[in-house]
């Protein structure tokens, strides 16, 4: 007997019929002798409706109030799923984030989980119940409702799995796992049955939109296996991707996948006096404005100045540029510029660690097709480059081909 | 400076524009130096949408889960109203029932309030904030969300007013107060500027749908003045009805209004052995099934048996009839019958106490127009009769005329 946490996204619970299908699947897992905790998102479209109401009233309103409103979508789904399970003869009990209680900090709209009280859930499971928990939400020490930010339901799922020492956290989506790259861009993309959490972390953070990055970080930290499955695969007989901290049999391939991201914008400040503390002086005000910075590159010039380039989410671009212009003026920098029309492409693979020449092969492949590289950033298991947005699809396809990731005919 | 509780129903907060209008009114009251607590319902239509989802999944589902779902409508409104107030420069803070905390028993879908923690609200008011509270909902000792039943937002308003010792509880509706009867049935219906809570209690329980009966009971018990106003009267210069425990100047009229109700059904069991405890044997199982009984009449026959008639809400009719048939068989009663096509008409007035002949005038008026009376029930300040549903409008009009309630031209 295993303890399984299953997380279903908005499309998987988008209609009463889909909710019943989820109930059927949950019951199959339960009948196979497992204890099951289910985490659900709001029905698809509901969160957007709530956002539209908020925007009609006061888009700049207090984030505490926004969270009170946004958290209602999941609260509806948990009640409906619990009732669907009951109808089919399976006792169930729903919990909001506040009821569990999923204690978070008070960073409304992007709160972080601090603690989960697992006792009431354990009691319900011992009584043979399926426990249904609202994803995406928690509660502060003082009782205000918080939300965990985009994709936060994945994080709720993994955090519950960790808190209850589950055997596996299953994330049901509209795809049956992770592919070598997005099949909409490269039709030859191949399904990956196993991946390390480190690789998944890079795939997710670089833009493969299967799992929310924070949930993967969480799973990595606590060594929680995640399985990505399709909720449209009715009998659960199809493919899935199992993501674990260490892959037992490391395959011989060095590159596992091509990730990409169109959501970033680039900001550059040139001719900055090259002295200690200048990176902090530039990025501090950005961070203080709660803007997340992704890639950061600094080049030292020959004239005692340095050029500094970084990327932010496109949504934060205008705000970040205004801040950077102030900073640049204060620092006596030469020039300050930005570009929204960029894309990031990464090659990812734990095998890369032991294979020299992967980065240079990437650069050569891109150069052969006339794709100019504007920025480079590397880690142990990935190489990311920024290119002009218009070259994105081409870059993904030529890299997918060059690293031998294409689907092999059986 | 006064402390005012204002309650706005679903139509009053039905669109973002209406929510902004409510915010404007709240701010006017605040700027006049009052502390203001606002209780809101779900936006009109929202609760029906949630009920439709519930019915699509499992209409017989657990009431705990139904409450988790149904309570989300009000949770959206409190957030939106708080944000509208903030936008207009008025600091505000929203509370769900669980956050206040409005402690209830665990009778899901019709819970009763046990206690309210007024401290956090007092603190917010002292800081100059407007406090916005979700109507219709509370929380059990163990943290489950409850709802208070139909019209429960009125009850939330009055209960908060009592807990915080407010000066007045204002109920904003789509009418500007209480009339001598429903103007849709009797165009000559007259506005009543002041009423005693006792009279209001009878008017509300007998079917004048302005206020929810439990809220009036609550106000009566704790001597809390209620003012009924129209939320469509933008500058608050219009009419209202103030309802207090004792009216200072008792007018000379004996009958204040004609109330009526089409929502009840009649059940009769005849030839029941006339012995002690028989009423309990008949009504006990009905009450155990959580069905509320309104009028009860018992006639003793000459042959040692008795006839027993009572009314229930039409929604409970099928269920109550099935229970009654079982009871009748067990008691060896002669006959068991029911009728859904009835209506109740009442004359209400505190002045009635000291005026003889009011009841007989009522019976004669109805008889003059050929309206047969099927059941009679009286209290100190009302006489209620059950008639065939088809005679309802006629009965209301002739009684309104007979007791001189018609609008006087100024």
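Protein chains in written order, with full-length UniProt numbering: chain A, 1 to 410; chain B, 1 to 410.
Don't be surprised by glycine CBs; every beta carbon is placed ideally from N, CA and C.
Work out the CA separation of residue 180 of chain A and residue 312 of chain A for me, nearest whole Å.
25 Å
So, is residue 400 of chain A buried or exposed, given that buried needs 16 or more other C-beta atoms within 10 angstroms?
Counting the other Cβ atoms within 10 Å of the Cβ of residue 400 of chain A gives 16 or more, which makes it buried.
Assuming residue 56 of chain A contacts residue 187 of chain B under a Cβ cut-off of 8 Å, what Cβ separation, rounded to an integer in Å, is found between them?
Not confirmed; about 38 Å, so no contact.
For residue 151 of chain A, which residues of its own chain have a beta-carbon under 6 Å away from its beta-carbon, when the five flanking residues on both sides are left out?
212
Give the interface partners of residue 58 of chain A over in chain B, defined as CB-CB distance under 7 Å, in chain order.
83, 84, 86, 87
Can you say whether residue 127 of chain A is buried or exposed, counting buried as having 16 or more other CB atoms within 10 angstroms of its CB?
exposed
Distance between residue 290 of chain A and residue 142 of chain A (C-alpha atoms, nearest Å):
23 Å
In this structure, what does DSSP give as the bridge partners for residue 308 of chain A?
Bridge pairing for residue 308 of chain A: A:269, A:298 [DSSP].
Along the chain, where does the alpha helix (DSSP H) containing residue 210 of chain A start, and where does it finish?
From DSSP, residue 210 of chain A is part of no alpha helix (DSSP H); its letter is neither H nor E.
I want to verify the contact list: residues of chain A whose CB lies under 9 Å from the CB of residue 149 of chain B, in sequence order.
The premise fails here: residue 149 of chain B is roughly 17 Å from chain A at the closest Cβ pair, so nothing lies under 9 Å.
DSSP on residue 400 of chain B, reduced to helix/strand/coil?
helix
Taking C-alpha atoms, which residue in B:257, B:329, B:167 lies nearest to residue 182 of chain B?
B:257
Got a sec? Which residues, its chain only, sit under 6 Å from residue 5 of chain A by beta carbon, not counting five neighbours each side?
37, 157, 160, 161, 166, 169
Just curious, the alpha helix (DSSP H) that residue 18 of chain A is in, first and last residue?
16-31
Please classify residue 97 of chain B: is it buried, with 16 or more other beta-carbons within 10 angstroms of its beta-carbon, or exposed?
buried
Under 7 Å by beta carbon: chain B residues contacting residue 65 of chain A:
79, 82, 83, 94
With 16 other CB atoms within 10 Å as the buried threshold, where does residue 326 of chain B fall?
exposed
Just checking: is the beta-carbon of residue 69 of chain B within a distance shorter than 9 Å of some beta-carbon in chain A?
yes
Closer than 7 Å, Cβ to any Cβ of chain B: which residues of the segment 131-156 of chain A, in chain order?
143
Which of helix, strand or coil DSSP assigns to residue 290 of chain B
Coil at residue 290 of chain B, not helix or strand.
Which ranges does the alpha helix (DSSP H) cover as unbroken runs of at least 4 residues, wholly within the segment 42-86 of chain A, from first to last along the chain?
As far as the segment 42-86 of chain A is concerned, its whole alpha helix (DSSP H) runs of at least 4 residues are 46-57, 63-70.
What's the C-alpha gap between residue 323 of chain A and residue 275 of chain A?
Answer to the nearest angstrom: the Cα atoms are 20 Å apart.
Check each candidate in A:61, A:51, A:243, A:95 and name the one with the smallest Cα separation from residue 93 of chain B.
Closest in C-alpha terms to residue 93 of chain B, from the list A:61, A:51, A:243, A:95, comes A:61.
If distances are taken between C-alpha atoms only, which option among B:86, B:403, B:310 comes closest to residue 349 of chain B?
B:403
Hey, quick one: how far does the beta strand (DSSP E) through residue 260 of chain B stretch, first residue to last?
257-261
How many Å lie between residue 270 of chain A and residue 396 of chain A at the Cα?
30 Å
Please give me, in chain order, every unbroken run of the alpha helix (DSSP H) with length at least 4 that falls completely inside the segment 344-384 of chain B.
As far as the segment 344-384 of chain B is concerned, its whole alpha helix (DSSP H) runs of at least 4 residues are 358-368.
Return the Cβ separation of residue 383 of chain A and residue 359 of chain A in integer angstroms, given the expectation that the two are a contact with Cβ distance under 8 Å.
Rounded, the Cβ-Cβ distance is 5 Å, consistent with contact.
Which residues in chain B sit within 8 Å of residue 50 of chain A, going by Cβ to Cβ distance?
76
How about residue 139 of chain A and residue 121 of chain A: are their beta carbons less than 9 Å apart?
no
Check whether chain B comes within 9 Å of residue 19 of chain A, counting only Cβ atoms and requiring the distance to be less than that.
yes
Between residue 346 of chain A and residue 246 of chain A, which are expected to be in contact by the criterion C-beta below 8 Å, what is the C-beta distance as a whole number of angstroms?
For a cut-off of 8 Å, the C-beta gap from residue 346 of chain A to residue 246 of chain A is around 21 Å, too long to register as a contact.
Please classify residue 13 of chain A: does DSSP put it in a helix, a strand, or coil?
helix
Using the beta-carbon of each residue, which ones in chain A are nearer than 8 Å to residue 62 of chain B?
Here the neighbours are 82, 83, 86.
Taking the straight line between their C-alpha atoms, what separation do you get for residue 249 of chain B and residue 177 of chain B?
Interpretation of residue 249 of chain B is limited by its pLDDT of 49, a score under 50 that renders its predicted location unreliable; the figure taken from the coordinates is listed afterwards. For residue 249 of chain B and residue 177 of chain B, the distance between alpha carbons rounds to 19 Å.
How many whole angstroms separate the CB atoms of residue 240 of chain A and residue 174 of chain A, which I take to be in contact at a CB cut-off of 8 Å?
Their Cβ separation, rounded to whole angstroms, is 13 Å, which puts residue 240 of chain A and residue 174 of chain A out of contact at 8 Å.
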